[in-house]
Ligand SMILES: [Zn+2]
């Protein structure tokens, strides 16, 4: 399964084109197609980045229209780099798309059609989940701490344990985020990854010449967590686009710091 770039009504986004995902509307936003000025130019979906809430509302309207999602049915978290995945229903909808999330968590899960699960990122790895048989969806935000803590596995486990999904039915899409080309770290990140994945972490850690620094592949580390949860490798799609390499398309926290907008990943059961 591939994640491909699409464009609709002037909004560019990434999505899984495989027909198995047809029971959802879903996508990963880029910075292209919105109304915000610099430094949020232009499709800023972050309500807490200093941008005008009216522009954030308009940007959400455009992104949701491009996806075919319901802009009045968003459910969000207050993201805290945890491994908490929150079960939600229609009661959790915040009707104003520019309202910031309140509950501290980094994942969302539901079996309620029409609820638009929304997670935010600006280098971190967004992951969307779908079980077409049980009709269950999830969305997670996995920075390095969430990746080390295995939030991708926590979401898959919750789908199986609490919603009756079979691991071999679950599809996962790992979206745009910082790649190993640009994610240079100190020893804390490799140590965190080893604490979570054990020896399975090694293929995703490369020491840099000179010692003391490393590059880390967070996307493939998340894919490994998903395989360990019983997902079929064929069912894990991975977007290779690097947010830090492609500032024409994305924002990068690593490169731009706090003077930037926020991307979102969204999924809704039809
Ligand atoms: Zn890169």
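Numbering (this note's numbering), first residue to last: 194 to 463.
Idealized CB from N, CA, C, for every residue including glycine.
Residue i CB to nearest heavy atom of ligand 1 below 7 Å
i           : result
residue 437 : yes
residue 404 : no
residue 374 : yes
Terminal residues of the beta strand (DSSP E) in which residue i lies
i           : result
residue 349 : Looking at the DSSP string, residue 349 is not in any beta strand (DSSP E); the run it does join, the alpha helix (DSSP H), is 344-356.
residue 399 : 398-400
residue 457 : 456-462
residue 301 : 300-303
residue 467 : Any answer about residue 467 is impossible in this case: the structure gives the chain only from 194 up to 463.
residue 200 : 196-201
residue 431 : 429-431
residue 279 : 278-280
residue 440 : Careful: residue 440 lies outside any beta strand (DSSP E) and carries neither H nor E.
residue 393 : Looking at the DSSP string, residue 393 is not in any beta strand (DSSP E), and its letter there is neither H nor E.
residue 204 : 204-209
residue 311 : 309-314
residue 218 : 217-222
residue 274 : Element bounds for residue 274: n/a, residue is neither H nor E.
residue 362 : Element bounds for residue 362: n/a, residue is neither H nor E.
residue 319 : 318-324
residue 333 : 329-335
Residues near residue i in its chain [Cβ-Cβ closer than 6 Å; skip 5 each side]
i           : result
residue 373 : 408, 410
residue 383 : 398, 407
residue 341 : 385, 386, 389
residue 291 : 240, 246, 249, 250
residue 423 : 360
residue 197 : 210
residue 293 : 240, 241
residue 445 : 316, 436, 437
Range covered by the alpha helix (DSSP H) that runs through residue i
i           : result
residue 254 : 246-260
residue 388 : 381-390
residue 416 : 411-421
Close-in-space but distant-in-sequence residues of the same chain around residue i (CB under 8 Å, 5 per side omitted)
i           : result
residue 216 : 323, 325, 328, 462, 463
residue 308 : 266, 268, 281, 282, 283, 285, 286, 461, 462
residue 355 : 280, 302
Sequence-distant residues of its chain with Cβ nearer than 7 Å to residue i (five each side left out)
i           : result
residue 252 : 227, 228, 229, 236, 237, 238
residue 201 : 259
residue 348 : 278, 300, 302, 322, 331, 333
Cβ-heavy atom distance, residue i to ligand 3, below 7 Å
i           : result
residue 406 : The ligand content of the structure shown is limited to ligand 1, which means ligand 3 is not among them.
Exercise. Do three or more CB pairs link the segment 294-305 to the segment 422-438 at distances below 8 Å?
Worked result: By the Cβ criterion, the segment 294-305 is not in contact with the segment 422-438, since fewer than three pairs of Cβ atoms, one from each stretch, lie closer than 8 Å.
Problem set entry | Cβ pair count under 8 Å reaching 3, the segment 310-319 against the segment 442-456 | yes
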